[in-house]
Amino acid sequence: MQSKKYENPKIALLNIELELKSERANAEVRVDNTKDYQAIVDAEWKILYDKMEICHKAGVNIVLSKLPIGDVATQYFADRNMFCAGRVTDEDMMRTQSACGGAILTSISNGIKEIQMGKCALFEEKQVGSERFNFFTGCSDAHSATIIMRGGTEQFIDESVRSMHDSIMVVCRTSEFETIVAGGGATEMHLSSQVRETANTVSDKTQLIMLAWAKALEIIPRQLIINSGFEPSYILNKLRYKHNTDKKDGKYFGVDVKNGMIANNYDAFVWEPSLIKENVISAATEVACMILSVDQTIRHPKSQSA
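The sequence shown finishes on residue 307 if you use this note's numbering, and the numbering steps up by one all the way, no holes.
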């Protein structure tokens with residue numbers, strides 16, 4: 002039986018078949034006697050055993066191949082305390098190579114060099130649920146990680162996978178930008194407070210436009226509060242008071258959807274990329290200006306009757 006745990010193993014990544022197969026269609030071998038036939042059979046076995054012996058002499062502990070590994074090779078490796086797995090997908094092979102190093106070999110007739118083998122601190126085969134997985138831990142060149150998600154139903158798992166994917170993509174997008182702002186409606190409330198303060202210094206009709214724009218910004222925190230199941234008026238009033246009175250840290254305060262209160266979202270690590278926030282506000286303002294510039298609309302008669 003193959004061992005399921007190896008410390009500091011040497012890993013061979015192959016694109017080679019390690020099994021005896023029947024010849025392809027239209028293949029023909031002509032012999033004059035049984036000795037010649039036996040020589041052909043022995044040569045096939047020798048080719049297979051030579052490949053397996055090369056892996057063993059190179060000190061390989063783990064053999065992974067994109068192509069099939071037959072029962073003979075599996076037993077050969079098991080007798081020598083080696084682990085093997087065949088029909089490994091291209092994606093898994095590339096990930097293993099990226100994390101553990103080494104090279105995917107299409108020929109080993111000249112042996113396997115040390116630099117061509119991958120390495121990790123620990124290899125284990127574990128059963129998770131009804132399936133078995135191979136774990137490579139302590140990989141020196143690893144730039145990624147594997148997340149195993151388990152649940153009671155397939156629908157729950159699918160929803161969890163989508164949520165995890167969204168979270169990862171948010172982190173990736175955030176890391177692409179140089180600056181961030183506090184989320185949870187903190188930025189909108191701060192802008193609204195600043196616009197209202199500036200509007201009080203204006204005496205003409207522009208003040209009405211500025212106040213309307215400031216009120217529109219509060220839609221984001223209001224909707225966050227409603228979606229969280231809390232009373233929007235009470236929390237919005239607390240946010241307005243905080244942003245108007247605390248000029249130092251008040252700009253970081255937004256909606257705390259867990260407790261139904263306000264909180265310093267910058268310290269709570271509720272962040273958003275500043276560029277995305279700028280684009281959203283700019284796009285919304287442009288759409289509002291475009292709608293206001295329309296002096297009249299024309300409706301189709303059929304639409305009016307409907």
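Yeah, the Cβ is synthetic: ideal placement off N, Cα and C, and Gly gets one too.
Report the three-state DSSP secondary structure of residue i (helix, strand or coil).
i	result
S66	strand
R88	coil
Q297	coil
T138	strand
A104	coil
G251	helix
L21	coil
E232	coil
A289	helix
Assign residue i to buried or exposed, taking buried as 16 or more other Cβ atoms, counted over all protein chains shown, within 10 Å of its Cβ.
i	result
V182	buried
G185	buried
G230	exposed
I315	Residue numbering for the chain in the displayed model covers 2 to 307; residue 315 lies beyond these limits and cannot be assessed.
K248	exposed
K252	buried
M83	buried
T107	exposed
G60	exposed
V32	exposed
L209	exposed
Which residues does DSSP list as the beta-bridge partners of residue i?
i	result
D257	M262
L124	The sequence as given places Phe at residue 124; Leu does not occur at that position. In the DSSP output, where bridge partners are listed per residue, F124 has Y7 and F137.
E132	V129
Which residue wins for smallest C-alpha separation from residue i, given the options the options?
i	options	result
K52	I277, E160, K243 and E18	E18
V89	R133, S99 and S66	S66
E189	R223, R133 and Q208	R223
R241	A215, S110, C85 and I158	A215
I48	K22, L212 and R300	K22
C101	L14, T298 and H301	L14
E29	N280, I41 and E20	I41
Q117	L123, A104, M150 and R300	A104
M262	C290, I226 and I55	I226
Y50	A74, I63, L68 and D33	A74
T138	V288, E279, N27 and N9	N9
A285	R300, D72 and A217	A217
G112	E54, K11, C85 and E92	E54
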